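Participant: Going by the numbering used here, the sequence shown opens with residue 11, and the numbers climb by one from there. For every residue, glycine included, the Cβ atom is placed at its ideal position computed from N, Cα and C. Predicted model only: the values in this text are computed from it and were never measured. Here's a structure for you.
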Amino acid sequence: MSKRVVRIGSASAALSDSALAVPQMLKHGQLDYLVGDYLAEGSMGLLAMFANAQARAGFAPDFIPVHIAPHLQEIARQGVKLVVNAGGVNPRGCAAALREVAAQQGVHLRIAVVDGDDLMPRVDAFRAAGVRDMFTGEALPDAPIDSMNAYLGAFPIADALAAGADVIITGRVVDSALTLGPLIHEFGWRAEDYDVLAAGTLAGHLLECGAQVTGGTFTDWRSVPGWAAIGYPIAECSADGSFVVTKPKGTGGLVSRGTVAEQLMYETSDPQCYFVPDVTCDFSGVHLEEVGPDRVRVTGARGLPRTSTYKVCTIYRKGWRVAVVQPITGLEAAAKGERQAAALIERTGRMLREQGMQDWSRTHVELLGTECTQGARARNRNTREVLCRIVLEHEDKRACDMFMREQYSGIVSMSPGTSINVGMVVTPLQALTSFLLDKREITPVVTVDGVSRIPAVATDGGFDKAQIVRPQGIEALEAGDDAVEVPLIGLAWARSGDKGNLFNVGVIARQPDFLPYILSALTPEAVAAWFAHEFDDLEARRVERFLLPGLDAVNLVIHDALGGGITCSPRLDAVAKGKAQQLLCFPVRIPAALAQRVSPSLLDFERAAPYTGAL
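Written out as structure tokens, the structure reads:
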């Protein structure tokens, strides 16, 4: 087995991530590969709208001018390979634009494109075939469709590297494939090497969200130094699948058991059935070891046979949305905001009906500053300033334009203390549906220097859920008569993420002894009650719970609780970034002796000292 260590750095976590990562990696990273994830679940629909409006669009707008062009000569000089999904719905256009920039700078790079994921030409055929949503069972909507893309895997990327590509630009691939592809190429991993494919997938999962694994969004945010120059992650990968997560020396941020564990659980459901095209991953036994300052070794990922299907994500039109944010200050600010929003909705609804138009199809009001995301636990109704956020939906753009005009009148005809809007927008409303498609129905294509080829990609399946062995031996414990109650944050780190219309909260015990008491408290029923205000249908509420013994952790999956998900939810936290923060207030009963091991600052975190500029 090769003793070589392959160093892969993260260049981007989202469509508009910081310009900080690439120069930092080139200066300090000593990399073999630089990977960049630009696509969230709803990004393809947004990029499709860009492409429809402008011929040379449809790919990540910041990728070339912000992230790569200023550093292209140094990338070439160092021989760092670049693998990104910045191509969006137009990867060939993205590659052409990068070639132009490279030519202008006198840089010669072999640029490859991986595509075949775009299924828009087959929309009518899929409708006729009666494809169904993989979660709801509903038929493909009879509505205009902006994008339809399959999530491809890592082997086409490995094929492009084998063909000599220096830069690989993909359309829709699973995020982790950007890292797994180079590892397949470097170490010669085969389609049946499930354990190392799962390990490489885990490395990609940890890198794909950039600084979220190096201290970004960490529960213990006060312990993370240097946000202004936070270090982006590097994975030092070995042929046996083990790897070390670290960051460039001299940068801000933090790499610890806690930061890595939080990111490992981000946007996961069943950790023993983490599906990607190339393998089914079991992360329940993953072990994290701090092996030096800002260095965490990751081992223990297990692989099972892949499925025989690709996931296909479809973004379709659902009408129009108007959103406005009105500041209201002074006495009874919340009550004034409620009345003002209700009056504007009533007035404009009446105006629509008088014009022979339908009423609003959806109305949503949030008073920011009143803890409106906290449901029944909100405690700040007496605030003297709120932002009144009003979101309305309608099939006709004219209705939204009318509300945009009419809502201005609140500043002179409604609540005292109303000021100038801090935000207002009318946008097309998009929604998401996903279905599974036999892999034999899709042909990935690799194009290097204008020459296209069909890579070898396994289309067989073999995954059987009966192969999963659920963890045993971790039992919930009830505290005795000497019990004390502490907030969950004193016992655990937690991170939440979205996927479609569900969200997960990964909870990692700070110490193994805490986990049994956490399990006793966080039953599915108790978690459902805690998040009662989030469910689309309270009667149909559903929470699943999964154990990860290797991390001393539990993953909670809360279904149908995002108001439609990233593309169409009207809520302030449509992507579930704050759900873990809600759960960290959950009261947990533990023995008094264990409570002595909880940091006092976490027992009274609501009265913690204000930020003073330290770190």
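1) On a Cα-Cα basis, can you pick out the residue from Asp125, Asp143, Leu150 and Phe145 that is closest to aspartate 134?
2) Using 8 Å for Cβ pairs, my map puts histidine 374 next to valine 401. What's the rounded Cβ distance?
3) Pairs of beta-carbons, one from the segment 317–336 and one from the segment 443–450, closer than 8 Å: are there three or more?
4) Just list the beta strand (DSSP E) runs in the segment 21–82, keeping only unbroken ones of 3 residues or longer that don't cross its boundaries, in chain order.
5) Can you tell me whether DSSP reads tryptophan 330 as helix, strand or coil?
6) Considering only residues of the segment 409–443, which uninterrupted beta strand (DSSP E) runs meet the minimum length of 3 residues and lie entirely inside it, listed in chain order?
7) Taking 8 Å as the cut-off, does the segment 107–118 touch the segment 150–161 (at least 3 CB pairs, one atom from each stretch)?
8) Is the separation between the beta-carbon of isoleucine 240 and that of glycine 260 shorter than 9 Å?
9) Determine the direct distance from the alpha carbon of alanine 603 to that of isoleucine 576, and round the result to whole angstroms.
10) Please work out which residues of its chain come closer than 6 Å, Cβ to Cβ, to tyrosine 621, disregarding the five sequence neighbours upstream and downstream, and give them in chain order.
11) Reducing DSSP to helix, strand and coil, say where tyrosine 284 ends up.
12) Only counting the same chain, and skipping five residues up and downstream in sequence, which positions put a Cβ closer than 6 Å to that of glycine 97?
13) Less than 6 Å between C-beta atoms, sequence neighbours within five positions excluded: which residues of the same chain meet that for glycine 433?
14) Ignore the nearest five residues each way along the sequence and tell me which others in valine 141's own chain have a CB closer than 7 Å to its CB.
15) Between alanine 344 and valine 436, what straight-line distance do the alpha-carbon atoms span, to the nearest angstrom?
16) For proline 192, count neighbouring C-beta atoms within 10 Å of its own C-beta (all shown protein chains included) and say buried if the count is 16 or more, exposed if not.
17) Any idea which residues DSSP pairs leucine 397 with across the strands?
18) Alpha carbon to alpha carbon, how far is alanine 466 from glycine 472?
19) I need the straight-line Cα distance from arginine 331 to leucine 190, nearest angstrom please.
20) Residue range of the beta strand (DSSP E) that glycine 313 falls in?
21) Check the DSSP bridge columns for tryptophan 503 and list the partner residues they point to.
22) Which residue or residues does DSSP assign as beta-bridge partners of methionine 130?
23) Who are proline 601's beta bridge partners in DSSP?
24) Would you kindly check if the distance between the Cβ of leucine 487 and the Cβ of tyrosine 527 is under 9 Å?
25) Shortest alpha-carbon distance to phenylalanine 228 belongs to which of Pro559, Gly268, Gly262 and Gly198?
26) Round the Cβ separation of alanine 563 and methionine 275 to the nearest angstrom and send it over; I've been treating them as touching at under 8 Å.
27) Using 8 Å as the threshold, is the segment 294–303 in touch with the segment 194–204, meaning 3 or more CB pairs across them?
28) Count the other C-beta atoms from every protein chain shown that fall within 10 angstroms of the C-beta of serine 294, then say buried if there are 16 or more, exposed otherwise.
29) Between the Cα of methionine 414 and the Cα atoms of Arg399, Gly427 and Pro426, which residue gives the shortest distance?
30) Since methionine 158 sits in a beta bridge, which residues does DSSP pair it with?
31) Below 6 Å CB to CB, which residues in the same chain sit around alanine 590 once its five sequence neighbours on both sides are set aside?
32) Under the rule that 16 or more other beta-carbon atoms within 10 Å means buried, what is alanine 619, buried or exposed?
33) Using the C-alpha atoms, what's the distance from leucine 558 back to valine 296?
34) Whose CA, out of Pro315, Val270, Arg480 and Ser429, lies closest to the CA of glycine 340?
Facilitator: So, from the listed chains and residues:
1) Leu150
2) 4 Å
3) yes
4) 43–46
5) strand
6) none
7) no
8) no
9) 43 Å
10) Bear in mind that the predicted position of tyrosine 621 carries a pLDDT of just 46, short of 50, making it unreliable; the figure below should be weighed with that in mind. So the list is empty, once near-sequence residues are dropped.
11) strand
12) Phe69, Cys104, Ile179, Thr180 and Gly181
13) Val335
14) Leu150 and Phe445
15) 25 Å
16) buried
17) Pro337 and Leu378
18) 18 Å
19) 39 Å
20) 312–314
21) Ile518
22) Partner(s): none; methionine 130 has no beta bridge.
23) Ala493
24) yes
25) Gly268
26) 6 Å
27) no
28) buried
29) Arg399
30) Thr324
31) Ala504, Arg505, Ser506 and Val515
32) Since pLDDT at alanine 619 reaches only 48, below the 50 mark, its modelled position is unreliable, and no value is offered.
33) 8 Å
34) Ser429
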